[in-house]
């Protein structure tokens, strides 16, 4: 029930979250500061009931278990109650119910809705009919704004513990740059940070679409012809899975046969010692996949699980913003957790700085 | 574990809710008064933990997402914990487990069970084996008592804000009167209210079954041959979807081809200015459907979403009754919600009187 | 992230629960004492929020509704929040994600994970990658340790109210002793109790594997050739379903055609008057099944539903142990439940001694 198209409204209390374009540099940094403040809650040092009585309807019209669990865990950590619906049980829509009716009805049971849907633009249509704020958890070829937010939040943290900043950082982006929605959203959101330089490496035919090069923004996009070239001077390497079946060119297909996108050897040969290694996950660990190899997993720069851990913090911050709750309000509802479930072996600290 | 058939027991603390026949005029009005008192809770003005520690097992052997979410949201609003199971995962019954065993086992984990099942009478069989109260959320061709209750509750509220009463009201019922379980339950439950007059309109072969005309009750049932005739003097029009494939008569099929059941033009041409428009939902919004048109959606009498919103209040009242909780007990466990998720644009008030 | 194989670590705060081999006689009795102390909580006499703020990820890669609900209800009774995922929605693993990545990611959202998986050993692989404790809810042909624990807990209680002890008890085990994982785990766990005697009855070709006879432990295993022989002097009879299609021998198949595994007549003819009747459930109640007959259901020794009821108590005790919560801590977070949902007819006491 938005007065203006929700994608154009700034993200604030009571608003939908449909697109990263709703953020300014100031509002995205405010969100990240809030996420930083919520880390003790996300790590279980405190219990909190600030969202007691609030109901989240988590509606996944296509499966995305990890995204769903991350949102639901964030809401539960704030003391709210989660009601889950996954794709197979949307019976009324099969009987011809419109998105408008479905959304309006369920919004009457809910204080906020998180929606994943396979069709681009569909989540905005849910938002138009809803009485309560709607969060886009991915709408097909459209957007997945919380993924881009947690990626930039992770960049900020990982670079921060290395005494660097996002501004002026060099980020190698490798893999499927054509179809990879995650990569597009990341580049878009990073326009808020002047001076970021991207080094792009992809198999032929999976290059970044031309429109990204035409934009008059502060980015410097450099196309590289090898992993070595992409990694040169990079502070961060962001990898995305390549589905081999998308490569139709025979020569390319042969050239990358029996190789992986990135492995430990390539990192140690061509990367800086403090290189941050990122990936939106899932990565394909099957034999023959063209993806990030598991042999990088004990490199000190591995941040792929920090990304998912950070997703919890960022999504808590998103819910707090939507419900008009600041850090002081959260802390006023902290109680010390009496329970500790840590395994007897030391739980690895997500960050040295943490 | 009922001493008497549960369908014959009055609805009260600790009892199953299987049928609308468990209600007297007094007990149904008491339920509605309680639902009225719970509205501020349902609208998120307060959080409440009166059912803290109670567990609802929500068992849907067939999908009905909105009914399920309405029940679950009602329980969560009272502070209880919801455990959801949807049809696809009932593995033990596929291995030959009886309804008795399934129900007895799950009741040992639960404080109340809400059950939807495709087979008429099956929910009563669950209730017979259960240690805890069972609520019927629809059993195929059997009953769906909470739908009838929320419909009559909505009638009471909508007529109330128009300075009318359910007694003596004229209700047009249109659509599939033969197979529409909702319509049958509504007519049955309204027998508690003397002097209600029904004006019936349906395509030939989908008429109300003869048994409803044979009953010696206070109703006046008038069969109408057109929408215009049905709407004459009606205070309320209650629409139900017609599945075109159920119309086997060729002449009828042709007569209603390219028409809808009810649209804005018909309402403004033939209806009273304060006509209340109801529908149990889902409505079929696909092109060519014979159902309530979406062009009525901004008419002031549209109550179809008030019905679903009211479902939350009625189901909260049902849980309160089952657990022996009156309004004073609920209010003693209110805490003010610090959070507000309302969208920046004004959230439409469900009722002028609200 | 276990330093030693988890199956070899004692079960204690912060540890995984993968195998019954993690228990000593002392630690299993401590768990059962805790379960006894939690009974008033499991029966709804109190609400408790000792696990407030804790998140359980309940991951069922194959359906097992009752096991899932039992775990989830136990966690909810302690005030924790449950996030459920059932098999059909594990999309990322279908895209080639490893168990390691899936487990590590979801553990970042969770304080504990309960996992059911069809492949033997897979739950231990989840545990290796998880930041938080993992509970095995059944891994195919592997283990289902909480089933064995609730069985022995039930034995202790049922024998206790009959002034007997587990030590020295005679237990008839009947049915499919070859493929019945439950039976194997029960026999294994009962090695902690010296002097238990087993009387085994199964159709030919479904006998207990030879390895159980070769072990040098305190058990006395006696193979019987008839139900009557097995029941002689038995304090308890533990039945398991036989899938007729597993019997390939024609003579055997004919011999047990048109019979059940155990019925009321056999019990009254051959059993002690205080015989305890157990079954892990589900039992196959379809006509022609070779299982425990429903006509035993009103015998005073029927304990099959006590087993499932006890599962709630044992699983609460497991969570308390994992989170380092003793009975005093639980009781310090008790609040009296104001609500009572008991049906008006007397709810049968699970035990005369309860």
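Residue numbers (my numbering), protein chains in the order written: chain A, 307 to 660; chain B, 307 to 660; chain C, 307 to 660. Beta carbons: idealized from backbone N, C-alpha and C, even for Gly. Computed from a predicted structure; not experimentally measured.
410, 411, 412, 414, 415, 416, 417 and 418: these are the residues of the segment 409 to 422 of chain C whose beta carbon lies less than 8 Å from some beta carbon of chain A, given in chain order. For the segment 373 to 419 of chain A, the full-length beta strand (DSSP E) segments reaching 3 residues or more read 387 to 392 along the chain. Taking the Cα of residue 549 of chain A as reference, the smallest distance to any Cα among A:594, A:543, A:624 and A:386 is reached at A:594. Annotation: the continuous alpha helix (DSSP H) that includes residue 435 of chain A extends over 428 to 435. Secondary structure at residue 496 of chain C: helix, using DSSP grouped into helix, strand and coil.
Counting only runs of 4+ residues, the alpha helix (DSSP H) found wholly inside the segment 419 to 489 of chain C occupies 428 to 435 and 451 to 467, in chain order. In the DSSP assignment, residue 503 of chain B forms a beta bridge with B:476 and B:526.
Secondary structure note for residue 611 of chain C: its alpha helix (DSSP H) is the uninterrupted segment 610 to 628. Residues of chain B whose Cβ lies closer than 7 Å to the Cβ of residue 354 of chain C are, in chain order, 359.
Spanning the alpha carbons of residue 408 of chain B and residue 399 of chain B requires a straight line of approximately 7 Å.
Against chain B, the beta carbon of residue 587 of chain C has neighbours under 9 Å at 398, 403, 407 and 411, listed in chain order. Residue 642 of chain B counts as exposed, since fewer than 16 other beta carbons sit within 10 angstroms of its beta carbon. The C-alpha of residue 507 of chain A is placed about 6 Å away from the C-alpha of residue 529 of chain A. In the DSSP assignment, residue 561 of chain C falls within the unbroken alpha helix (DSSP H) covering 556 to 561. Residues of the segment 436 to 448 of chain B with a C-beta atom less than 9 Å from some C-beta of chain C are 436, 437, 438 and 439, listed in chain order. Under the DSSP assignment, residue 531 of chain C falls outside any beta strand (DSSP E); it carries neither an H nor an E label. Proximity of residue 582 of chain A to chain C, defined by a Cβ-Cβ separation below 8 Å, is not satisfied. Residue 607 of chain C and residue 489 of chain C have their C-alpha atoms spaced approximately 20 Å apart.
The segment 313 to 328 of chain B makes no contact with the segment 600 to 614 of chain B: fewer than 3 CB pairs, one atom from each, lie closer than 8 Å.
Contact of residue 363 of chain B with chain C by beta-carbon distance below 7 Å involves 375. For residue 333 of chain C, the enclosing alpha helix (DSSP H) starts and ends at 331 to 348.
Using beta-carbon distances, residue 452 of chain C does not count as an interface residue toward chain B, since no partner is under 8 Å.
According to the DSSP assignment, residue 352 of chain A belongs to the beta strand (DSSP E) that extends over 352 to 354. Sequence-distant partners of residue 474 of chain C (beyond 5 residues in either direction) whose C-beta falls short of 6 Å from its own C-beta, in its chain, are 501. Counting other Cβ atoms within 10 Å of its Cβ, residue 351 of chain B stays below 16 and is therefore classed as exposed. Judged by DSSP in its simplified three-state form, residue 367 of chain C adopts coil rather than helix or strand. The beta carbons of residue 420 of chain C and residue 365 of chain C sit about 7 Å from each other, so the pair counts as a contact at 8 Å. Sequence-distant partners of residue 495 of chain A (beyond 5 residues in either direction) whose C-beta falls short of 6 Å from its own C-beta, in its chain, are 326, 454 and 458. Taking the Cα positions, residue 335 of chain B is about 12 Å away from residue 463 of chain B.
Classified as buried, residue 372 of chain B has 16 or more neighbouring CB atoms from the shown chains inside 10 Å of its CB. Contact annotation, residue 376 of chain A with residue 618 of chain A: C-beta distance approximately 6 Å; criterion of less than 8 Å satisfied. Taking C-alpha positions only, residue 510 of chain B is separated from residue 406 of chain B by approximately 42 Å. In this structure, the beta-carbon distance from residue 468 of chain B to residue 503 of chain B does not fall below 8 Å.
An exposed status is given to residue 565 of chain A, since fewer than 16 other beta-carbon atoms sit within 10 Å of its beta-carbon.
For residue 561 of chain A, there are no neighbours in chain B by C-beta distance under 9 Å, as the nearest C-beta there is about 44 Å away. Boundaries for residue 315 of chain A: no beta strand (DSSP E) harbours it, and the DSSP string shows neither H nor E there.
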